[in-house]
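Numbering (the working numbering), first residue to last: -19 to 164.
Yeah, the Cβ is synthetic: ideal placement off N, Cα and C, and Gly gets one too.
Owing to the predicted nature of the structure, the values given are computational and were not obtained by experimental measurement.
Here is the structure we will look at.
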């Protein structure tokens, strides 16, 4: 298995179905912090559903249409990043991320997303990468801004969460824009 260093004592690795117990323990720690932004956390509530979440991404990886990676800090899973959508035919992808409080504040999400962007644009030749986030998720918006993404638009009242309709922002960066940021 490969791992890519993100910071001192932190690495990015594939997250696979056999890791469902570790993933579930992490999601249980992250649930209150993550669920307002990523509703799929509510779908991983026991070992079978956690394994099913990871299996969906394993199936997407097998068809080259998505992937999921974990972020380990000091040997503990504290967050992750994923290609929610990956389409080589259209040249577009969507990247997502999550973390528990123990994984915040060290730049781990930004570093991991940077790796995914570089893979999408440089290795795979995609043209556009999107980042969707709730309009009230300032931390997620800050990641998009740090990576040079632009806000393309807002889907007004796009998602119903805990009885409240929230706007969804769509941020994106294009391959030529990414190339310009990596040369600077």
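Contact check for residue 93 and residue 123: beta-carbon distance about 6 angstroms, within the 8 angstroms limit, so the pair qualifies. DSSP, reduced to helix, strand and coil, places residue -6 within a strand of the structure shown. For residue 9, there is no enclosing beta strand (DSSP E); the residue is part of the alpha helix (DSSP H) that begins and ends at 0 to 14.
Residue 56 and residue 101 have their C-alpha atoms some 29 angstroms from each other. Taking 8 angstroms as the upper bound for CB-CB distance, residue 44 and residue 66 are in contact here, some 7 angstroms apart.
Distance from residue 1 to residue 35 at the Cβ level is roughly 14 angstroms; contact not present, criterion being Cβ atoms closer than 8 angstroms. Pairing residue 89 with residue 119, the inter-Cα distance amounts to about 10 angstroms. In this structure, residue 63 and residue 51 do not form a Cβ contact; the two beta carbons are roughly 15 angstroms apart against a cut-off of 8 angstroms.
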